[in-house]
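What follows is a short report on a single structure.
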Amino acid sequence: MTHAIIARQRIGSRPAARALSMGVAAPRLLKRMMTRLSLAALAFTFVSVGGADGALRALTNSNARAPEREATALARAPAMIWTIDADGDGVDDFSNPTHGGVRGVDAFGSGDFGARRDAGKRTHHGVDYVAFVGQKVRAPISGEVSRVGYAYRGIGGLRVVEIVNPETKFTARVLYVEPTVAVGDVVVAGEEIGAAQDLSGRYPGITNHVHVELRDARRRLLDASEQLPSAVVQAQRTQTSRAAL
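Heads up, our numbering is the position in the sequence shown plus 22, with the first residue counted as 1.
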């Protein structure tokens, strides 16, 4: 602060009065005063922030920090992941069919894999993913469409699409979807295969959904919720990226 006070004192009324008495034009006087003010400000910055390096940082940081703050904000923005490339070959292997969560408990039970059905006489063979009527339904796995038919032998008009992956031998059956694909079509996980149907006619009061059954190469039923991604916020990705920098 001492240097700033001294600098201001040097720009007092005496130089200005002397300049006017010598007939110095007003523009020249103004230019001299502005130059001295700039030098005084630089001197103050020099002392306050620690020498030449500090002064340079003070002058550049305000502009440099703007894109840095913007990049940080973008890095912290959560991303929703709906597909998974399990083997790293650049092709998605699994996808959430509706970009929704698993159906909770309603009048018809739970949508979880293995949930009780018919008073415990059987268990739920698939996973129910919440869906709005008419919304896009996506292939849960990559593969070839092996079957397009009716879920209950034509009763109620509810449809099913079956997909087989020739490499992994996984099979996915997606029920309650009005198909837009045909047998023989090759689809990638996440690609549209149809639209979600209305279940209210057959199951009044049920949460609308699509049903996904997943089997491995040995035809064993798998819990699709353990294979297909859900609404995952990738906050960990940001931390991992920062640690790598």
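Backbone N, C-alpha and C fix where the C-beta goes; we use that ideal spot for every residue, glycine too.
If you draw a straight line from the C-alpha of residue i to the C-alpha of residue j, how long is it?
{"i": "Leu-243", "j": "Ala-194", "result": "10 angstroms"}
{"i": "Val-196", "j": "Thr-229", "result": "16 angstroms"}
{"i": "Thr-105", "j": "Ser-252", "result": "9 angstroms"}
{"i": "Gly-142", "j": "Tyr-225", "result": "19 angstroms"}
{"i": "Leu-236", "j": "Asp-111", "result": "22 angstroms"}
{"i": "Ser-168", "j": "Ala-239", "result": "15 angstroms"}
{"i": "Ala-211", "j": "Gly-122", "result": "15 angstroms"}
{"i": "Asp-134", "j": "Asn-187", "result": "24 angstroms"}
{"i": "Tyr-174", "j": "Gly-148", "result": "16 angstroms"}
Thinking C-beta only, is residue j closer than 8 angstroms to residue i?
{"i": "Ser-164", "j": "Val-234", "result": "no"}
{"i": "Glu-200", "j": "Arg-160", "result": "no"}
{"i": "Val-152", "j": "Arg-181", "result": "no"}
{"i": "Gly-179", "j": "Thr-202", "result": "no"}
{"i": "Val-16", "j": "Ala-218", "result": "One cannot answer for residue 16 here, as it falls past the ends of the chain, which runs 23 to 267."}
{"i": "Ala-129", "j": "Gly-223", "result": "no"}
{"i": "Phe-345", "j": "Gln-249", "result": "With the chain running from 23 to 267 in the structure shown, residue 345 is simply not present."}
{"i": "Ile-185", "j": "Val-209", "result": "yes"}
{"i": "Arg-144", "j": "Gly-131", "result": "no"}
{"i": "Gly-156", "j": "His-146", "result": "no"}
For the beta strand (DSSP E) containing residue i, name the first residue and the last one.
{"i": "Ser-222", "result": "Segment: none, Ser-222 is in no beta strand (DSSP E) and carries neither H nor E."}
{"i": "Tyr-151", "result": "149-152"}
{"i": "Pro-201", "result": "199-201"}
{"i": "Ser-168", "result": "165-172"}
Using three-state DSSP, classify residue i as helix, strand or coil.
{"i": "Ala-211", "result": "coil"}
{"i": "Ile-185", "result": "strand"}
{"i": "Thr-246", "result": "Correcting the residue type first, residue 246 is Ala in the shown sequence and not Thr. Note: Ala-246 maps to helix in three-state DSSP."}
{"i": "Gly-206", "result": "coil"}
{"i": "Gly-178", "result": "helix"}
{"i": "His-146", "result": "coil"}
Bridge partners for residue i per DSSP, in chain order?
{"i": "Lys-158", "result": "Ala-217"}
{"i": "Leu-236", "result": "Ala-194 and Leu-244"}
{"i": "Ile-105", "result": "Correcting the residue identity first, residue 105 is Thr in this sequence and not Ile. Note: Thr-105 sits in a beta bridge opposite Ser-117."}
{"i": "Gly-131", "result": "Asp-128"}
Using only the heavy atoms of the ligand ATP, determine whether one of them is closer than 7 angstroms to the beta carbon of residue i.
{"i": "Lys-158", "result": "Ligands in the displayed structure: none, and consequently the ligand ATP is not present."}
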